[in-house]
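Here's the structure we're looking at; comments come further down.
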Amino acid sequence: MSANDAAASSPDSSLISEKIPWASMGLLFGAHFLVDSQVSFLSPLLPLIQEKFHLTLGGAGVLVYLISIANAGGQPLTAILVDRWPRAPWLVVGLIGSSFFLTAMGWLPYYGALVVAVPVGGFLAGLAHPDMASRAGALSARHRALSVSFFVSGGRLGFSLGPLIAIFVAQKWGMEWLWVYVVVNAVAVFGIMKGLPKPEVKEGATLLKGLGHALWKARKPASLLLGVTICRAIVAINVQGFLPTLYVERGLGLWSGGIANSILLFFGMGGVMLGGVLADRYEKKSIISFGIMLAFFSMIGFLLVPPGWGMFVLSALGVGIYMPMGVSMAFGQEILPTHRGFASALTLGASWGIASFSVVPLAVLAERVGLFQAFWALPVSLLLAFTLSRFLPKSV
680 MSANDAAASS
690 PDSSLISEKI
700 PWASMGLLFG
710 AHFLVDSQVS
720 FLSPLLPLIQ
730 EKFHLTLGGA
740 GVLVYLISIA
750 NAGGQPLTAI
760 LVDRWPRAPW
770 LVVGLIGSSF
780 FLTAMGWLPY
790 YGALVVAVPV
800 GGFLAGLAHP
810 DMASRAGALS
820 ARHRALSVSF
830 FVSGGRLGFS
840 LGPLIAIFVA
850 QKWGMEWLWV
860 YVVVNAVAVF
870 GIMKGLPKPE
880 VKEGATLLKG
890 LGHALWKARK
900 PASLLLGVTI
910 CRAIVAINVQ
920 GFLPTLYVER
930 GLGLWSGGIA
940 NSILLFFGMG
950 GVMLGGVLAD
960 RYEKKSIISF
970 GIMLAFFSMI
980 GFLLVPPGWG
990 MFVLSALGVG
1000 IYMPMGVSMA
1010 FGQEILPTHR
1020 GFASALTLGA
1030 SWGIASFSVV
1040 PLAVLAERVG
1050 LFQAFWALPV
1060 SLLLAFTLSR
1070 FLPKSV
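Taking my numbering as reference, the numbering of the sequence shown is continuous, increasing by one, and the terminal residue is 1075.
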């Protein structure tokens, strides 16, 4: 064998020449879009739900908290199951099940029933995430940050367009017609599952094999990364959850609130993609820190300018908040390479679940001082996230 042949067959050479798996990335993008678009239905419809059930802002905030904690909180458990039984139909159950329970918010007649359906739908949506994230991280060793970020961006686009879909259906036909989205999910999931490659089955895998040892070995970078993602998620959850209500409170109407959320999340999708592209070229730590600092200054800018001008600032805020999202997940999968599903659950599940506990206190504070004034607590969380990000290792 010639020297050239040997070089071509070396692991490093194969990684360099590895092609980007666009087709599989596109299917995971679509699956994530569907899951997160229906999770985002609640936020723009909160004013209508408040009116229907005569709720205070605190009562509406409970629903935001429930969907956030259920969506994110169960992911560490389901991630362990996904890593153990990767070929079980987690994605199918999560897609179709979440669509049924989350669209039920449109036709359920009692607030008590809504309090049950919303977290069940959120949990089923969370069930699909470790499966999708694990598949995305396994698509390409050379382009892992790009693959994971492309997958994450599908969710951001779902969160961006989901509010507009919900408002359109609610105002055109009534909230009860949201059930049509169940049919959309059922049709789409057939094509998605048919086109995705089969997950790799690990020989001799057990339910918790090596997880404790891996976590202990990576305890410092994993703890820092978890802290960064929690602080960043506190801002993302509260802005995303209460932004439409804030615009309605300030007299700009339901559509303005929905559009504001869509701007935030559309540019958030761009931020996720930008972070993924840059992270394949530069240090992940630097990309995470830069995105958080951009979000910090944009958050302050949004609070200082009139709400109309705030629409423009939201674009920069979206880029900043979500730029570190896919990068953090890829970073976590490098820290825990044999437990990719669990790594994604830490950065996309556990962190968001813990951050969800901030929703109710912020809603209570908003009832006392006003929602706009309560938002001034959010830049503090971003400043803490930036400080923690500076202690992340440059390489794993």
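The C-beta atom is built at its ideal place from N, Cα and C for all residues, glycine as well.
(message) Less than 7 Å between C-beta atoms, sequence neighbours within five positions excluded: which residues of the same chain meet that for Leu-886?
(response) The count along the sequence shown starts at 1 and reaches residue 886 at position 207. Summary for Leu-886: the model assigns pLDDT 49, below 50, so the residue's position carries little reliability; its value from the coordinates is reported in the next sentence. Cβ neighbours of Leu-886 beyond the five flanking positions: Ile-759 and Arg-763.
(request) Report yes or no: do three or more beta-carbon pairs, one from the region 1021–1041 and one from the region 937–954, lie closer than 8 Å? (result) no
(request) Assign Phe-720 to one of three DSSP states: helix, strand, or coil. (result) Within the sequence shown, the letter at position 41 stands for residue 720. The DSSP-derived three-state label of Phe-720 is coil.
(message) So the candidates are Asn-917, Ala-804, Leu-1061 and Gly-841; which of them puts its Cα closest to the Cα of Ser-716?
(response) Translated into positions along the sequence shown, residue 716 becomes position 37. Out of Asn-917, Ala-804, Leu-1061 and Gly-841, the CA that lies nearest to the CA of Ser-716 is found in Gly-841.
(request) Let me know the secondary structure DSSP gives Trp-852 once reduced to three states. (result) Numbered from its first residue, the sequence shown carries residue 852 at position 173. In the structure shown, Trp-852 sits in coil (DSSP, three-state: anything other than H, G, I, E or B).
(message) How far does the alpha helix (DSSP H) with Pro-900 in it extend, from its first residue to its last?
(response) Translated into positions along the sequence shown, residue 900 becomes position 221. Where Pro-900 is concerned, the enclosing alpha helix (DSSP H) stretches over 898–928.
(request) Pull up the CB-CB distance for Met-978 and Val-907, whole angstroms please, since I reckon it's below 8 Å. (result) For the purposes of this step, residue 978 is taken as residue 299 along the sequence shown, with counting starting at 1. For the purposes of this step, residue 907 is taken as residue 228 along the sequence shown, with counting starting at 1. The C-beta separation of Met-978 from Val-907 comes to about 16 Å, leaving the pair out of contact by the 8 Å criterion.
(request) State buried or exposed for Val-831, treating a residue as buried only when at least 16 other CB atoms are found within 10 Å of its CB. (result) Walking along the sequence shown from the start, residue 831 turns up at place 152. When all chains shown are included, Val-831 counts as buried.
(message) Does Asp-691 pass the burial test, meaning 16 or more other C-beta atoms within 10 Å, or should it be called exposed?
(response) Mapped onto the sequence shown, residue 691 falls at position 12. With a pLDDT of only 47 at Asp-691, under the threshold of 50, the placement of this residue in the model should not be trusted, and no figure is reported.
(request) Report the rounded CA-to-CA distance for Met-952 versus Ile-775, giving the unit in angstroms. (result) In the sequence shown, the residue the question calls residue 952 occupies position 273. In the sequence shown, the residue the question calls residue 775 occupies position 96. Roughly 27 Å between the two C-alpha positions.
(request) Tell me whether Phe-847 is buried or exposed, calling it buried when 16 or more other Cβ atoms sit within 10 Å of its Cβ. (result) Taking the sequence shown and counting its residues from 1, the one referred to as residue 847 is at position 168. Per the 10 Å Cβ criterion, exposed.
(request) Would you identify the three-state DSSP class for Arg-823, choosing helix, strand or coil? (result) Taking the sequence shown and counting its residues from 1, the one referred to as residue 823 is at position 144. Reduced to three states, the DSSP call for Arg-823 is helix.
(request) Report the option in His-822, Gly-800 and Ala-767 whose CA atom is closest to the CA atom of Arg-960. (result) Taking the sequence shown and counting its residues from 1, one reaches residue 960 at position 281. Checking every option, the nearest Cα to that of Arg-960 belongs to His-822.
(request) Would you tell me roughly how many angstroms separate the C-alpha atoms of Asn-917 and Leu-1041, rounded to the nearest one? (result) Here residue 917 corresponds to residue number 238 of the sequence shown, with the count starting at 1. Here residue 1041 corresponds to residue number 362 of the sequence shown, with the count starting at 1. Approximately 8 Å, taken between the alpha carbons.
(request) Give the secondary structure of Val-984 by DSSP, where H, G and I count as helix, E and B as strand, and everything else as coil. (result) Here residue 984 refers to the residue found at position 305 when the sequence shown is read from its first residue. Secondary structure of Val-984 (DSSP, three-state): coil.
(request) Would you mind stating whether Phe-991 and Pro-1058 have Cβ atoms separated by less than 7 Å? (result) What you label residue 991 is simply residue 312 of the sequence shown in a count that begins at 1. What you label residue 1058 is simply residue 379 of the sequence shown in a count that begins at 1. In this structure, Pro-1058 does not lie closer than 7 Å to Phe-991 by Cβ.
(message) Can you give me the C-alpha to C-alpha distance between Gly-883 and Arg-766, rounded to a whole angstrom?
(response) As a position in the sequence shown, residue 883 is number 204, starting the count at 1. As a position in the sequence shown, residue 766 is number 87, starting the count at 1. Below a pLDDT of 50, predicted positions are generally treated as unreliable, and Gly-883, at 46, falls in that range; the measurement from the model is reported next regardless. The alpha-carbon atoms of Gly-883 and Arg-766 are separated by roughly 15 Å.
(request) Quick one: grab the DSSP three-state call for Pro-1072. (result) Looking up residue 1072 in the sequence shown gives position 393. Looking at Pro-1072 - three-state DSSP - the assignment turns out to be coil, as it is neither helix nor strand.
(request) Could you tell me whether the Cβ atoms of Gly-626 and Gln-754 are closer together than 7 Å? (result) A question about residue 626 goes unanswered here, because the residues of the chain that appear run from 680 up to 1075.
(message) Below 8 Å on the Cβ atoms is my contact criterion, and I expect Thr-782 with Val-861 to pass it. Report the Cβ-Cβ distance as a whole number of Å.
(response) Here residue 782 is taken as the residue at index 103 of the sequence shown, counted from 1. Here residue 861 is taken as the residue at index 182 of the sequence shown, counted from 1. Here Thr-782 really is in contact with Val-861; their C-beta atoms are around 6 Å apart, less than 8 Å.
(request) Using alpha carbons as the reference points, say which of Gly-980, Pro-986, Ala-807 and Leu-736 lies closest to Ala-749. (result) For the purposes of this step, residue 749 is identified with residue 70 of the sequence shown, where counting begins at 1. Considering only alpha carbons, the answer is Ala-807.
(request) Under 6 Å Cβ to Cβ from Gln-729, same chain only, skipping five residues before and after it: list those, please. (result) Walking along the sequence shown from the start, residue 729 turns up at place 50. Ala-739, listed in sequence order.
(request) Alpha carbon to alpha carbon, how far is Gly-791 from Ile-966? Give it in angstroms, no decimals. (result) By 1-based counting over the sequence shown, the position of residue 966 is 287. By 1-based counting over the sequence shown, the position of residue 791 is 112. Rounded to the nearest angstrom, the two C-alpha atoms are 43 Å apart.
(message) Let me confirm a value: Pro-768 is counted as buried when at least 16 other C-beta atoms fall within 10 Å, else exposed. Which label applies?
(response) Here residue 768 refers to the residue found at position 89 of the sequence shown. With fewer than 16 other Cβ atoms within 10 Å, it is exposed.
(request) Would you identify the three-state DSSP class for Asp-959, choosing helix, strand or coil? (result) In the sequence shown, residue 959 corresponds to position 280, counting from 1. Note: Asp-959 maps to coil in three-state DSSP.
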